[in-house]
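Trainee: The sequence shown begins at 0 in numbering that gives the first Met the number 0 and counts up one residue at a time. Every residue, glycine too, gets a C-beta built ideally from N, C-alpha and C. Small disclaimer: the values here were computed from a predicted structure and weren't measured. Quick one: structure below, then a few questions.
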Amino acid sequence: MGKRLAALPVWLVLADMVYGLAVNIGQSVAGMPKSVVGTDGLPVSPEIAFSGLQLLANGGMVAVIGFGLVVLLRLNRTVAQGTVMPVGAFSLLGLLAVLAFSLPSLWQWLWAVIRLADGVQTVDWGNWRYLAVAVCLPWVGVLCLVRLVGRYRLAKRLPQTASGSF
0 MGKRLAALPV WLVLADMVYG LAVNIGQSVA GMPKSVVGTD GLPVSPEIAF SGLQLLANGG
60 MVAVIGFGLV VLLRLNRTVA QGTVMPVGAF SLLGLLAVLA FSLPSLWQWL WAVIRLADGV
120 QTVDWGNWRY LAVAVCLPWV GVLCLVRLVG RYRLAKRLPQ TASGSF
């Protein structure tokens with residue numbers, strides 16, 4: 000039960016990223032003009048190009064970070080079971096992307112708490128979805144670090160295999 004609760008913030012962040020991508024795709028398709036023609040009669044394409052570039056960047060981010068979050072879920076499960084998960088180059092890059100994505104939130108929450116102690120309102124209560132993800136992000140980073148350390152300790156304790164080395 001503990002490993003499922005530990006993975007809940009990871010699932011929430013992953014679900015929010017997929018939801019955000021779906022909303023972005025929907026807005027891009029709905030907002031794309033059928034045929035916009037400028038005053039000189041030439042088609043205007045920067046709006047279409049920028050919408051497509053934003054969609055491509057958002058989709059790429061969701062793919063990379065989503066892959067890292069799936070690897071983190073697998074790492075969480077295997078370390079909780081006491082087994083060593085083989086970590087290849089792509090899995091390690093995915094976990095590093097998750098750390099780069101989530102660890103800055105620890106710094107931001109530290110400063111938010113300091114500013115809150117000074118009496119400054121630092122948390123926006125207007126959008127609960129963003130607040131929930133902002134609360135989950137530090138947990139994702141800490142969980143990733145804890146599970147990587149746990150995996151390292153398991154690998155040192157168990158006999159080395161060809162695919163189990165870190």
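Any idea what DSSP makes of leucine 157, helix, strand or coil?
Mentor: Working through the sequence shown from its first residue, we reach residue 157 at position 158. Residue state, collapsed to three classes: coil.
Trainee: Looking at the structure shown, is proline 85 part of a helix, part of a strand, or coil, going by DSSP?
Mentor: Residue mapping note: residue 85 aligns to position 86 of the sequence shown, counting from 1. In the structure shown, proline 85 adopts coil according to DSSP, grouped into three states.
Trainee: Determine whether the beta carbon atoms of glycine 140 and leucine 94 lie at a separation below 7 Å.
Mentor: For the purposes of this step, residue 140 is taken as residue 141 along the sequence shown, with counting starting at 1. For the purposes of this step, residue 94 is taken as residue 95 along the sequence shown, with counting starting at 1. No, they are not a contact pair.
Trainee: Out of Thr121, Leu74 and Gln53, which has the shortest C-alpha to C-alpha gap to arginine 150?
Mentor: Taking the first residue of the sequence shown as position 1, residue 150 is located at position 151. Residue Leu74 is the option with its Cα nearest to arginine 150.
Trainee: Use the C-beta contact count for tryptophan 138: other C-beta atoms within 10 angstroms, 16 or more gives buried, fewer gives exposed.
Mentor: Locating residue 138 in the sequence shown gives position 139, where the first residue counts as 1. Buried, by the Cβ-count rule.
Trainee: Is the region 112 to 123 close to the region 79 to 92, with three or more CB pairs under 8 Å?
Mentor: no
Trainee: Can you tell me which of the three DSSP states tryptophan 10 falls into?
Mentor: Looking up residue 10 in the sequence shown gives position 11. Helix.
Trainee: Could you check if isoleucine 24 belongs to the surroundings of the ligand FAD, using beta carbon to heavy atom distance under 6 Å?
Mentor: With respect to the ligand FAD, the structure shown offers nothing to examine, as it has no ligands at all.
Trainee: Do cysteine 143 and valine 12 have their C-beta atoms within less than 7 Å of each other?
Mentor: For this step, residue 143 is matched to residue 144 along the sequence shown. For this step, residue 12 is matched to residue 13 along the sequence shown. No. Outside cutoff.
Trainee: Return helix, strand or coil for glycine 163, following the three-state DSSP convention.
Mentor: Start at 1 with the first residue of the sequence shown, and residue 163 comes out as number 164. Since pLDDT at glycine 163 reaches only 49, below the 50 mark, its modelled position is unreliable, and the value read off the structure follows with that caveat. Glycine 163 falls in the coil class under three-state DSSP.
Trainee: Could you check the C-alpha separation between valine 119 and leucine 109 for me, to the nearest Å?
Mentor: Position 120 of the sequence shown, counted from the start, is the residue given in the question as residue 119. Position 110 of the sequence shown, counted from the start, is the residue given in the question as residue 109. Cα to Cα, the separation comes out at about 14 Å.
Trainee: Tell me whether threonine 121 sits in a helix, a strand or coil according to DSSP, three-state version.
Mentor: In the sequence shown, counting from the first residue as 1, residue 121 sits at position 122. Note: threonine 121 maps to coil in three-state DSSP.
Trainee: By how many angstroms is the C-alpha of alanine 79 removed from the C-alpha of serine 27?
Mentor: To locate residue 27, count along the sequence shown from 1; it is residue 28. To locate residue 79, count along the sequence shown from 1; it is residue 80. The straight-line gap from Cα to Cα measures roughly 41 Å.
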